[in-house]
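Order-wise, the sequence lines are chains L and G. Residue -7 is where the first sequence starts when you use my numbering, and the numbers rise one by one after that. Residue -7 is where the second sequence starts when you use my numbering, and the numbers rise one by one after that. First up is the structure itself, then whatever we jot down about it.
Number of protein chains: 2
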Amino acid sequence: MCTFDTKKDAMQNRAIVEHMQPQPEGGAYPIKRVVKDWVTVTADVFGDGHDEVNAVILYRFGKQKKWKEAPMRALGNDAWQGAFQVEEEGMAYFTVLAWVDHPLDWYLGIGKKIAAGVEVEVELQMGADWLDALSKKAKGPAAKAMTEAAEVFRNANRRAEAIELAVSSELLHWIHAYPLRENPTQHEPMQAVRVEDAKASFSSWYEFFPRSAAKHPGQHGTFKDCARALSFVKEMGFDVLYFPPIHPIGTQHRKGKNNSTEAQSGEPGSPWAIGSSLGGHKAVHPELGTEADFLNLVEKAKSMEIDVAMDIAFQASQDHPYVKEHPEWFKWRPDGTVQYAENPPKKYQDVLPFHFETHAWKSLWEELKSIVLYWADRGIRIFRVDNPHTKPFVFWEWLIAEVQRKHPRTIFLSEAFTRPKIMARLARIGFTQSYTYFTWRNHKQEIIQYMEELTKSELREYFRPNFWPNTPDILPYNLQNQGQAACAIRIALAATLSSNYGMYGPVYDLLETKPYPGKEEYWDSEKYEIRVWDWETQTPFRRFIKGLNCIRKTQPALQDTYNITFCETDQEMLLAYYKQTGESRVLVVMNLDPHYMQSGHVRLPYGAFNFEGRSVEVKDLITEEMYRWGGEWNYVELNPERYPCHIFSLQPIS
Amino acid sequence: MCTFDTKKDAMQNRAIVEHMQPQPEGGAYPIKRVVKDWVTVTADVFGDGHDEVNAVILYRFGKQKKWKEAPMRALGNDAWQGAFQVEEEGMAYFTVLAWVDHPLDWYLGIGKKIAAGVEVEVELQMGADWLDALSKKAKGPAAKAMTEAAEVFRNANRRAEAIELAVSSELLHWIHAYPLRENPTQHEPMQAVRVEDAKASFSSWYEFFPRSAAKHPGQHGTFKDCARALSFVKEMGFDVLYFPPIHPIGTQHRKGKNNSTEAQSGEPGSPWAIGSSLGGHKAVHPELGTEADFLNLVEKAKSMEIDVAMDIAFQASQDHPYVKEHPEWFKWRPDGTVQYAENPPKKYQDVLPFHFETHAWKSLWEELKSIVLYWADRGIRIFRVDNPHTKPFVFWEWLIAEVQRKHPRTIFLSEAFTRPKIMARLARIGFTQSYTYFTWRNHKQEIIQYMEELTKSELREYFRPNFWPNTPDILPYNLQNQGQAACAIRIALAATLSSNYGMYGPVYDLLETKPYPGKEEYWDSEKYEIRVWDWETQTPFRRFIKGLNCIRKTQPALQDTYNITFCETDQEMLLAYYKQTGESRVLVVMNLDPHYMQSGHVRLPYGAFNFEGRSVEVKDLITEEMYRWGGEWNYVELNPERYPCHIFSLQPIS
């Protein structure tokens, strides 16, 4: 409701801007982009009456005060659209400005009258006035040309010249270039865009336990030992090396082999049971080496263009120093115990949760923030956050903002395998990337439906998926006791469906798929024991994964998650999808059946790439085999014994 | 983004409330209801971790400070729903409150442990503490009972009793009745609801030109003559009598018969060309009588439970007093003229638009507001607004709010036959009812699709349709040179699809359907000449219309637009829909073909009324014929020569 108290300008605004998009949650949170991305903006724009309206996108970066402008065009039914490119990291802002465009209205009106042979004497006089007004906004030759045109309009002896001028494209150009915006309407609120560097949206993760980096069974791996693994990861083409927690491990209620609740002497315990007399979240487990060793490794990785990602698990073992020093950060029960952590049906008897509702919440929150800052100050920019959905949303919103204020390029991956609205909210309030349900999406329709949800709904604006076929916690049923083909399908899907993906190795690349009976968990899980791995042997499967990473690096189409178009196939086991970014055109055809060769036809998405009527040169980027396809439907045959998929590069032949 | 500056409470809120609905446009405008309506509220509600959350609707009326509460229940996927009834006219407000419900969490937890035979000693101690906390919120016997229960929990000698108590429904009742809400989250912003009296959503309009109320050709009808017409309108069962403008008519550029641009001497001109030397919008056309005559008629109508609706047409004839007294309210062109009004392709040479962008906009707006207040002060509560889409939206927002501040029950009908988003916005910013595209929706799929848009989309919250088969401006092609059957179909559709409907008579009830050749307009339109009508003869068609109004009054199901469910038929020409309100169950089956008898089968919407397996007594409310239907699909046969539709009342037989 408005009264005359409202400032005059708003009361005179005749143009309406409604339903500006993207603006999830009414603008409460930034949407996400990386540098050089485009933001396509739509809005409903209209005015009262029959006057022409016009609209532009206003956008600006960082602390700039001055708006830049991008044109918008009418799509029909009063919807308008435009786009702008985000040029630099940091925050960008945009909104839509619309106004009743009187000169444009005049131009279109006189044009119709001239075409109909109607008298336009009065209109020419009005046009002269508009030209005078426009010329005041221009300088130099343009201003002069407009003033001269106004003179022509006013001169009754130059009517033929005036009429030619009145319908000229030059005049239309002036109207657009020097717009007269009386009482323009600026959409409120504006929308913020968090613009990050490319890694936020294109990353390839490899997870391993540094304590399993030693050469010989019985040895505790060290950061120094990790050099071999690091070379392997580099060779394989990954660019994020993610370590489970590297802190001292609790001794009380320590877990034993295969999640036994009673550890035997000498068993190392779960790295997620953080803290002992040797220190807490800011300390390094002595058997791994020193903090300096760790930071040396981080530096070495960085020189190889690999980021080391740390694990942020805000919980404590029973002998974490916090328990004695800050009992007020835990929730004590009448019997003097603290209920151990659970993520039903999983039980973590070796871990105590923090009590976020404590009266001492402020000191707890500050301490937790100081942990992230401790490591960020030492050069860590990527954090994988353990179970963020078991801590308050507002805590994360605050912590991420605080950390990114000091270290703007920090990336947080949300490990929230929970209900969909909770996962979405965590992404919205600040997490850079998110684990997903990909791990359990196996059938063709499941995969298509989930990808449509991630890439075509509002989620695309803020939820960046990171696809994992496995984690130390999850060996999904579809991979249990399976061979190379099943593992190849799942890793190839992850690597080509999502621009962010990762794997927990080397169990994965060495094809270890033995489950804990009846559970989606690994047998002899590294969570509870130290393993020793072969980092050297170049197996065919490792070569396949290396190939995937290589293709991802050379094909910009695979560096985007949202550019996907699913293609028809005539075979339930064949999944096909097309991605295009610039001249990079990739068609993936996957045989979802790990046991049998499948063949069928794939329909090229002519609608997506405008190839209709042309032949296409098709190159399999895995095998380097070349084909020429002349029609819309094309035959494919995939033997999982060889490769489960084609990853085709497409080139139209003119 | 939040910092510690935020008040402690918000930083400790663990419950999340998102996507509260209905809240079109993020709460910028009130939704609409009438007294006794229910508002169903949904929201996504969840918390972090595994603690139980709970939620209620908070609502209040008018200037009450204290919220009332209505319960919400979880629907699955973190969606919650509840409802409250709006009890009084005026503004109501609602929001959703959610909190982590620790006692409920405890109750469900101990219940599971007891069921599993697990030790609950610690839980009983915690339960005693919760009971103590709850008891402080209760009084009298409940408080005492809770204190006693806490004692039982603490007494190690009363374990059997304690365990029985711990799983009792009484304990659950206490938890819900005396909720412990620590750091609850209240959704912002709240949503306003404009609650009006029933007429805003249930009205039957009859439009006629009072100057055509005389008995004999050649006479100018008067307000006194309108007594006959008023009796007719009452007898027919309408409850709004809407007059085109009753003000002095301009003489310059007066329109003649059939929209001729040159009136002959003695021609009366269009009533929408408002203003002459005899006065403007606050004056009454002398040939109709005096203002006192008009107000007497209004009073008489009111005594018959009929509201007289006035026409608000903010425009001026060339000899309106405003033109000389306030030239600053018009847009003068270089040749000293004002461009006449247009609503393309229609031209109104006899009408000048106001210039809403004038520097003197404030005095113009105030004057226009004073016109509405002038008549509202004299007892008029319903205004049909002519072409509101050609005046600024913000002007209407302001004017309607100002008028309703003084006269809260004022109803504004928006006559905006324009683009959909413009129509929607006018409704959103304050218009009570709106003309629609019904006039041009003829085929079965068109009607179903349009009704779904009006009743199942967000429009249902603020856009109240008013269905008209014709207006003085519009004789749609489907009625031109048609007989009774076509007119009966359209009026029956209007009267049963929409709770607000109207007709322009008596051309309609006397079946005058001769068009201006090639246009959707009447030949010999009353807009440009005075007619004389038979108000007495009770024709079969008039009896049919009277019957429709009678059925609408006795069947609450037809007093609601949003309760519609379309039913399957096996015949393209048969349209069927079901409406239910309480025990009023109405099934309409319409033969859309005015020329031929059509027969087919209609499927009862078992899903909508839970009749499955029962016989239904079916009574045609037009013919009083009774049937008994035993199955889901039932035969109907409609002869347009007799009646185009069945309007069945349904009664299940147990």
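Ideal Cβ positions, reconstructed from N, Cα and C, are used throughout, including at glycine.
Integer Cβ distance of residue i from residue j, believed to fall under 8 Å
{"i": "residue 310 of chain L", "j": "residue 242 of chain L", "result": "6 Å"}
{"i": "residue 99 of chain L", "j": "residue 167 of chain L", "result": "6 Å"}
{"i": "residue 374 of chain L", "j": "residue 477 of chain L", "result": "That pair is no contact at about 32 Å."}
{"i": "residue 494 of chain L", "j": "residue 198 of chain L", "result": "7 Å"}
{"i": "residue 360 of chain G", "j": "residue 391 of chain G", "result": "7 Å"}
{"i": "residue 25 of chain L", "j": "residue 78 of chain L", "result": "5 Å"}
Beta-carbon proximity list for residue i, same chain, < 6 Å, skipping 5 on both sides
{"i": "residue 62 of chain G", "result": "49, 74 and 76"}
{"i": "residue 419 of chain G", "result": "426, 454 and 455"}
{"i": "residue 632 of chain G", "result": "477, 583 and 586"}
{"i": "residue 135 of chain G", "result": "127"}
{"i": "residue 646 of chain L", "result": "none"}
{"i": "residue -5 of chain G", "result": "With a pLDDT of 44 at residue -5 of chain G, under the threshold of 50, the predicted position of this residue should be treated as unreliable, and no value is reported."}
Secondary structure of residue i, DSSP reduced to three states
{"i": "residue 571 of chain G", "result": "strand"}
{"i": "residue 333 of chain G", "result": "strand"}
{"i": "residue 8 of chain L", "result": "strand"}
{"i": "residue 628 of chain G", "result": "strand"}
{"i": "residue 179 of chain L", "result": "coil"}
{"i": "residue 644 of chain L", "result": "strand"}
{"i": "residue 233 of chain G", "result": "strand"}
{"i": "residue 603 of chain L", "result": "coil"}
{"i": "residue 71 of chain L", "result": "strand"}
{"i": "residue 112 of chain G", "result": "coil"}
{"i": "residue 505 of chain G", "result": "coil"}
{"i": "residue 145 of chain L", "result": "helix"}
{"i": "residue 338 of chain L", "result": "strand"}
{"i": "residue -7 of chain G", "result": "Only weak support exists for where residue -7 of chain G lies, its pLDDT of 35 falling under 50; the coordinates are left without a value."}
{"i": "residue 303 of chain G", "result": "strand"}
{"i": "residue 249 of chain L", "result": "helix"}
{"i": "residue 593 of chain G", "result": "strand"}
Identity of the residue in the options nearest residue i by Cα
{"i": "residue 72 of chain L", "options": "L:478, L:36, L:612 and L:619", "result": "L:36"}
{"i": "residue 547 of chain L", "options": "L:66, L:473, L:91 and L:194", "result": "L:194"}
{"i": "residue 297 of chain G", "options": "G:555, G:421, G:196 and G:483", "result": "G:196"}
{"i": "residue 202 of chain G", "options": "G:617, G:367, G:448 and G:235", "result": "G:235"}
{"i": "residue 287 of chain G", "options": "G:325, G:272 and G:219", "result": "G:219"}
{"i": "residue 382 of chain G", "options": "L:92, L:534, L:239 and L:447", "result": "L:92"}
{"i": "residue 457 of chain G", "options": "G:192, G:81, G:67 and G:348", "result": "G:192"}
{"i": "residue 421 of chain G", "options": "G:398, G:384 and G:434", "result": "G:384"}
{"i": "residue 176 of chain L", "options": "L:47, L:279, L:80 and L:278", "result": "L:47"}
{"i": "residue 27 of chain L", "options": "L:224, L:186 and L:10", "result": "L:186"}
{"i": "residue 492 of chain L", "options": "L:143, L:402, L:459 and L:58", "result": "L:459"}
{"i": "residue 170 of chain G", "options": "G:95, G:292, G:109 and G:116", "result": "G:95"}
{"i": "residue 240 of chain L", "options": "L:224, L:222, L:515 and L:273", "result": "L:273"}
Close Cβ partners of residue i (< 7 Å) along its chain, the five nearest in sequence each way excluded
{"i": "residue 484 of chain G", "result": "540, 582, 636 and 637"}
{"i": "residue 543 of chain G", "result": "550, 613 and 639"}
{"i": "residue 644 of chain L", "result": "603, 606 and 608"}
{"i": "residue 333 of chain L", "result": "307, 340, 343, 344 and 345"}
{"i": "residue 432 of chain L", "result": "468"}
{"i": "residue 389 of chain G", "result": "421 and 422"}
Neighbourhood of residue i by C-beta, 8 Å cutoff - its chain only, sequence neighbours within 5 removed
{"i": "residue 593 of chain L", "result": "561, 562, 563, 625, 626, 627 and 628"}
Members of the region 23 to 46 of chain G that neighbour chain L once the beta carbon cut-off is set at 7 Å: Residues 36, 38, 40, 41 and 42.
What residues in the region 56 to 82 of chain L have a beta carbon less than 8 Å from any beta carbon of chain G? The residues in question are 69 and 70.
At a CB distance below 7 Å, what residues from the region 367 to 383 of chain L approach chain G? Give them in sequence order. Taking a C-beta cut-off of 7 Å against chain G, the contacting residues of the region 367 to 383 of chain L are 381, 382 and 383, listed in chain order.
Between the region 520 to 553 of chain G and chain L, which residues of the former have CB atoms less than 7 Å from a CB of the latter, in chain order? The region 520 to 553 of chain G vs chain L, Cβ under 7 Å: nothing.
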